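Below is one structure, written out as structure tokens; the observations come after it.
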Amino acid sequence: MSNSKILANGVDVYYGSKQALFGISMDIKEKEVTALIGPSGCGKSTFLRCINRMNDLIEICKVSGSIKVDNEEIISEKTDVVSLRSKIGMVFQKPNPFPKSIFDNVAYGPTIHGLVDSKNELEEIVHSSLKKAGLFDEVKDRLNEPGTSLSGGQQQRLCIARAIAVNPEIILMDEPCSALDPIATAIIEELIDELRLNYTIIIVTHSMQQAARVSQKTCFFHLGELIETGETNKIFTNPDNTKTQDYITGRFG
Amino acid sequence: MFFWSLVLIAVGIFSSFIYGRSRIKLNSKKQGTKSKSLPNYYAQYVLMWCLFPALIVYFSWAIFQEQIIQNIVISNFEYIEGAVYNEGLLLAEIRNVANNPSFADGKSIEIINAASHYSSLKQISQISFYTSIIIMMLLGALYASQKLKPEFHVQHTIERYIQYILIFCSSVAIFTTIGIVFSLIFESLRFFAEVSISEFLFSTEWYPFIPIREGQTAAEGSFGAVPIFAGTFLVMVVAMCVAAPLGLLTAIYLAEYASQRVRKIVKPLLEILAGIPTIVYGFFAFVSVAPFVKAFGQSIGIDASPTSALAAGMVMGVMIIPFISSLSDDVINSVPQSLREASLGIGANKAETIKKVILPAALPGIVGAFLLAISRAIGETMIVVVAAGTAPNLTGNPFENVTTVTVQIVVALIGDQEFDNPRTLSAFALGLVLFVITLFLNIIALQIVKRYRERYE
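As you go down the protein sequences, you meet chains A and B in turn. According to the working numbering, the first sequence is numbered sequentially starting from 3. According to the working numbering, the second sequence is numbered sequentially starting from 4.
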């Protein structure tokens with residue numbers, strides 16, 4: 003329990019009367035990449051969105067059980083969702099930059115959280131975030147152009163820069179490469195590998211190669227249940243469960 | 004006469020349908036082949052060939068009959084030497100006598116003669132009307148039945164006819180619009196022949212009374228429309244001051260905060276607000292709001308008139324709230340959910356998300372909604388007629404009486420007026436200005452909304 007960053011215990015999720023997740027328990031270590039894999043509709047995105055309470059946006063969605071982030075319960079009425087989300091950044095399936103300039107996209111988070119006192123400071127944060135996201139060199143001459151004018155891969159890195167600009171500890175990635183071409187995907191994967199040094203990353207992915215390439219831990223979901231979790235190497239070479247075996251060898255899913 | 008002819012046409016098309024159906028069945032039986040299309044299509048084909056010629060006859064009679072008969076009667080009229088006739092009155096008299104013989108008492112002989120001429124022409128026209136309808140229907144059906152062969156691909160022809168019908172229907176609205184625009188333009192030209200454009204657009208004196216008879220001592224009329232435009236603008240500004248914040252905040256509530264259930268109830272309720280007849284709003288403005296405005300004005304030491312720009316504008320603002328709220332709500336809703344998630348995911352709260360992400364993204368659409376509401380406010384008539392007054396005051400004080408373009412059009416057209424003096428013709432010039440302004444506002448608004456849609460779809 004020493005360096006446990008996120009500790010989930012018996013998480014159930016209902017959409018209306020339909021149960022989407024069944025008693026998920028999981029232990030996510032600090033500064034590691036954890037991949038959530040499984041066939042479509044298995045609940046891996048739903049679980050991801052529990053961690054930063056994004057499911058609150060869906061009126062009919064009910065979450066019960068316990069998720070502790072840094073030993074603090076977050077599935078509770080009393081949780082300060084705003085500070086939780088500033089601690090947990092999120093990158094979405096489709097790049098979703100704001101219809102603002104590249105600079106303003108990254109500056110958005112620091113500004114609303116009052117992280118900066120001066121323009122210089124803000125500029126510094128924006129530049130360093132863009133650098134961390136590996137985008138700075140490509141856009142440094144056109145920070146005032148709209149974020150939507152970038153290519154898909156650049157947009158996604160802009161979204162990563164936007165997420166890390168508020169200095170989060172955890173980054174959730176919901177299929178961040180599914181809308182990108184192989185080259186852009188490779189760049190993002192490299193980036194994830196670098197970010198691992200400073201952030202705890204949970205990534206939902208449909209691509210098993212991607213999970214194998216970027217993650218240290220892998221969790222396999224099936225029909226709303228967590229089937230197996232373990233070292234990525236082990237899951238992909240010698241899984242304990244036959245369902246996992248079947249999925250990673252492509253027999254279903 | 005036109006009613007019974009409609010019955011006649013109905014009987015005609017019904018029997019042509021039955022006839023076409025049985026005829027094609029008979030023909031295909033005779034040839035021993037199956038017809039290329041279903042029997043009903045052949046029947047429809049005969050029906051159309053029966054109906055359209057009859058309709059052409061029907062409408063040409065409806066449009067031209069009276070005019071032609073009147074021309075014949077007038078040209079054959081035996082004028083009495085020395086007497087002065089007004090053609091319009093004369094015709095009315097002749098028609099009266101013809102339609103109602105008891106009016107004949109005391110009329111002069113030439114009128115009675117003309118009336119009987121009129122009646123006999125009417126009778127001839129009626130008989131030829133019925134016969135030509137019957138003949139045209141028979142000819143049409145005959146032509147169509149020639150073609151009723153099983154190998155005839157009738158449904159292609161029917162499709163084409165249907166296309167013609169649809170084109171015709173859609174062009175009716177377009178041609179009506181064009182007609183209205185042209186009549187506006189030509190009547191306005193007549194007005195501007197008597198009043199210079201620069202006086203109309205830039206002079207500040209609106210006194211549209213002109214001597215009707217020679218020697219009348221009424222002052223020379225003046226037609227400076229600036230006070231009217233100013234009044235319109237003032238009422239519009241008041242209305243937007245009420246409607247813009249209320250409508251926009253309502254839209255934000257509906258789109259971002261209200262639960263599905265509340266939304267489902269509130270949105271239709273708001274749209275009912277748009278369905279209230281404007282005269283009812285006007286009534287409300289005059290009876291309830293205007294006295295309140297007057298009392299309020301007095302309480303803060305401003306002398307308010309019983310009807311005022313403020314009263315009319317406020318009520319008009321309430322009227323256009325649903326335009327703004329409903330359109331803005333749609334626009335805000337069409338901002339992609341992913342932007343909301345992005346903002347909330349960084350830890351922005353709802354208010355920040357709305358203020359910094361959603362409203363900027365929705366801004367073009369919201370501006371479009373405002374422009375449409377403004378053009379609605381400018382064109383609105385009944386509220387201002389009842390509650391804004393009719394005095395062409397050039398003022399920025401909303402507690403005063405003002406008048407608007409629409410009110411002046413109503414004033415100019417009320418009463419027994421011929422369209423031969425600048426006072427009545429001014430209605431067309433004002434209407435033209437109104438039309439041009441609202442047209443431009445609508446075009447700009449639609450362009451903005453369209454560009455916005457393209458960005459997100």
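Ideal Cβ placement from N, Cα and C applies to all residues, glycine included. On a predicted model such as this, the values are computed, not experimentally measured, just so you know.
Simplified DSSP assignment, three categories, for residue i
i	result
glutamine 21/A	strand
aspartate 143/A	coil
isoleucine 39/A	strand
asparagine 243/A	coil
asparagine 11/A	strand
methionine 319/B	helix
cysteine 63/A	strand
glutamate 3/B	Past the boundaries of the shown model lies residue 3/B; chain B is included only from 4 to 460, so the question cannot be answered.
leucine 228/A	strand
lysine 152/B	coil
isoleucine 69/A	strand
cysteine 221/A	strand
serine 225/B	strand
glutamate 34/A	coil
alanine 350/B	The amino acid occupying residue 350/B in the given sequence is glycine; alanine does not appear at that position. Note: glycine 350/B maps to coil in three-state DSSP.
aspartate 29/A	strand
methionine 3/A	Note that methionine 3/A scores 43 on pLDDT, short of 50, meaning its location in the model is unreliable and no value can be drawn from it.
aspartate 176/A	strand
isoleucine 447/B	helix
Within 8 Å, strictly: CB atoms of residue i and residue j
i	j	result
alanine 390/B	alanine 293/B	yes
alanine 307/B	glycine 300/B	yes
asparagine 396/B	glycine 234/B	yes
alanine 181/A	proline 97/A	yes
alanine 188/A	isoleucine 162/A	no
alanine 46/B	phenylalanine 20/B	yes
glutamate 190/B	leucine 428/B	yes
glycine 348/B	methionine 56/A	yes
leucine 23/A	glycine 226/A	yes
serine 88/A	proline 178/A	no
valine 65/A	cysteine 52/A	yes
isoleucine 335/B	isoleucine 268/B	no
phenylalanine 203/B	valine 408/B	no
Cβ separation of residue i and residue j, assumed to be a contact under 8 Å, to the nearest whole Å
i	j	result
valine 49/B	tyrosine 22/B	6 Å
alanine 247/B	phenylalanine 373/B	6 Å
alanine 432/B	phenylalanine 194/B	5 Å
isoleucine 97/B	isoleucine 114/B	6 Å
isoleucine 136/B	alanine 57/B	5 Å
leucine 174/A	asparagine 73/A	Not quite, the Cβ-Cβ distance comes to about 19 Å (not below 8 Å), so this is no contact.
glutamate 32/A	serine 103/A	The Cβ separation is near 34 Å, so there is no contact.
Separation of residue j from residue i, as counted between CA atoms
i	j	result
isoleucine 361/B	valine 93/A	19 Å
phenylalanine 105/A	phenylalanine 326/B	36 Å
threonine 81/A	phenylalanine 222/A	28 Å
leucine 416/B	arginine 426/B	9 Å
leucine 249/B	alanine 258/B	14 Å
isoleucine 127/B	alanine 277/B	52 Å
leucine 435/B	glycine 285/B	24 Å
isoleucine 324/B	leucine 272/B	12 Å
arginine 164/A	serine 346/B	10 Å
asparagine 5/A	serine 217/A	17 Å
proline 309/B	alanine 288/B	11 Å
aspartate 195/A	alanine 376/B	54 Å
threonine 393/B	glycine 399/B	16 Å
arginine 266/B	glycine 40/A	37 Å
asparagine 43/B	serine 25/B	10 Å
alanine 117/B	proline 104/B	13 Å
isoleucine 446/B	lysine 453/B	10 Å
Any non-hydrogen atom of the ligand ADP closer than 7 Å to residue i Cβ
i	result
lysine 32/B	In the structure shown, the ligand ADP is absent, as is every other ligand, since no ligand is present at all.
Own chain residues within Cβ distance below 6 Å of residue i, not counting five before or after
i	result
asparagine 243/A	Ile229, Glu230
methionine 3/A	Confidence at methionine 3/A is low in this model, with a pLDDT of 43, below 50, so the placement of that residue should be treated as unreliable; the coordinate-derived value is given next. Same-chain partners within the cutoff: there are none.
Residues near residue i in its chain [Cβ-Cβ closer than 7 Å; skip 5 each side]
i	result
isoleucine 26/A	Ala10, Val13, Phe49, Leu228
arginine 215/A	Glu191
alanine 364/B	Val338, Leu342
threonine 207/A	Ala37, Ile39, Glu177, Ala213
isoleucine 480/B	The question about residue 480/B has no answer, for chain B in this structure spans 4 to 460.
glutamine 158/B	Ser40, Tyr44
Own chain residues within Cβ distance below 8 Å of residue i, not counting five before or after
i	result
isoleucine 440/B	Ser378, Ile381
valine 168/A	Ser88, Gly91, Gly111, Pro112, His115, Leu117
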